[in-house]
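A.B. asks: Residue numbers 41 to 186, in this note's numbering, belong to the letters of the sequence shown in order. Before we start, here is the structure in question, set down as structure tokens.
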Amino acid sequence: GKIKALFEIEEFPLKEEVCVREKYSILLVSGIANSDLFYEHVQSISKDVVRMDFSDHHQYSKRDIVKIEKEFEQITNTKKIIITTEKDAMRFLSLELMDSIIKQKMYYIPITTFFKGEEDSFNKQIINYVRKDKTNYKFHKTTRQF
Numbered sequence: 041g042k043i044k045a046l047f048e049i050e051e052f053p054l055k056e057e058v059c060v061r062e063k064y065s066i067l068l069v070s071g072i073a074n075s076d077l078f079y080e081h082v083q084s085i086s087k088d089v090v091r092m093d094f095s096d097h098h099q100y101s102k103r104d105i106v107k108i109e110k111e112f113e114q115i116t117n118t119k120k121i122i123i124t125t126e127k128d129a130m131r132f133l134s135l136e137l138m139d140s141i142i143k144q145k146m147y148y149i150p151i152t153t154f155f156k157g158e159e160d161s162f163n164k165q166i167i168n169y170v171r172k173d174k175t176n177y178k179f180h181k182t183t184r185q186f
């Protein structure tokens with residue numbers, strides 16, 4: 041599978057195929073500017089996804105961890121995990137605030153996996169952004185390759 045155990049506690053980490061087959065519920069935690077593409081990707085793993093969006097570059101606090109734990113507890117399915125972005129995963133790793141039960145349930149999706157097959161969509165978003173912002177568009181039109 042493409043998901044990776046964040047804290048690598050489990051001897052046999054969960055695989056994406058198992059999540060799909062056994063209908064896991066997912067709490068999706070992200071602190072990125074536009075989490076829609078990430079959300080769409082995670083929906084290929086589970087149709088039962090609860091989103092928790094934090095602001096871009098969010099620095100997680102103990103209060104945030106408590107919120108995440110409470111949200112996770114609200115999911116009634118016994119087969120459930122937390123998935124986050126690779127960028128957010130690095131922030132969680134630097135914290136010593138989570139209890140071991142939550143640590144065992146935390147996974148992240150490597151950036152290379154996330155973009156695999158999504159390149160066209162990502163590139164279209166970038167081009168549309170550049171075209172919408174006239175200053176970027178002007179720069180884009182006058183930039184030459186050397």
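Backbone N, C-alpha and C define an ideal beta-carbon position, used for all residues, glycine too. Owing to the predicted nature of the structure, the values given are computational and were not obtained by experimental measurement.
1) Measuring straight from C-alpha to C-alpha, what distance separates Ile-43 and Arg-61?
2) Inspect the beta-carbon positions of Asp-96 and Asn-117 and report whether they are closer than 9 Å.
3) Report buried or exposed for Glu-80, applying the criterion of at least 16 other Cβ atoms within 10 angstroms of its Cβ.
4) Given that a residue counts as buried once 16 or more other Cβ atoms are within 10 Å of its Cβ, and exposed if not, what is Lys-145?
5) How would you call Leu-135, buried or exposed, if buried means at least 16 neighbouring beta carbons within 10 angstroms?
6) In chain order, what residues of the same chain lie with their CB nearer than 8 Å to the CB of Ala-73, ignoring the 5 residues before and after it?
7) From Ile-66 to Ser-84, what does the alpha carbon distance come to, in whole angstroms?
8) Name the residue from Gln-99, Thr-125, His-98 and Met-92 whose alpha carbon lies nearest to the alpha carbon of Glu-109.
9) Can you name, in chain order, every residue of its own chain whose Cβ lies under 6 Å from the Cβ of Lys-119, other than the five neighbours on each side?
10) Give the DSSP bridge partners of Arg-91, in chain order.
11) With 16 other CB atoms within 10 Å as the buried threshold, where does Asp-128 fall?
C.D. replies: Checking against the coordinates, here is how it stands:
1) Locating residue 43 in the sequence shown gives position 3, counting from the first residue. Locating residue 61 in the sequence shown gives position 21, counting from the first residue. If you draw a straight line from the Cα of Ile-43 to the Cα of Arg-61, it comes to about 15 Å.
2) Counted from its first residue, the sequence shown places residue 96 at position 56. Counted from its first residue, the sequence shown places residue 117 at position 77. Not closer than 9 Å, so no.
3) In the sequence shown, counting from the first residue as 1, residue 80 sits at position 40. Answer is exposed; the Cβ neighbour count stays below 16.
4) For this step, residue 145 is matched to residue 105 along the sequence shown. Here Lys-145 is buried: its Cβ has 16 or more other Cβ atoms, across all protein chains shown, within 10 Å.
5) The residue labelled residue 135 in the question sits at position 95 within the sequence shown. Here Leu-135 is exposed, its C-beta having fewer than 16 other C-beta atoms within 10 Å.
6) Within the sequence shown, numbered from 1, the residue matching residue 73 stands at position 33. Correct list, in chain order: Asp-96.
7) Looking up residue 66 in the sequence shown gives position 26. Looking up residue 84 in the sequence shown gives position 44. For the pair Ile-66 and Ser-84, the Cα-to-Cα distance works out to about 11 Å.
8) Residue 109 sits at position 69 when you count from the first residue of the sequence shown. Comparing Cα positions, the closest option is Met-92.
9) The residue you call residue 119 lines up with position 79 of the sequence shown. Same-chain partners within the cutoff: Glu-62 and Tyr-64.
10) Numbered from 1 along the sequence shown, position 51 holds the residue referred to as residue 91. Note: Arg-91 sits in a beta bridge opposite Leu-68.
11) By one-based count along the sequence shown, residue 128 stands at place 88. Asp-128 should be labelled buried.
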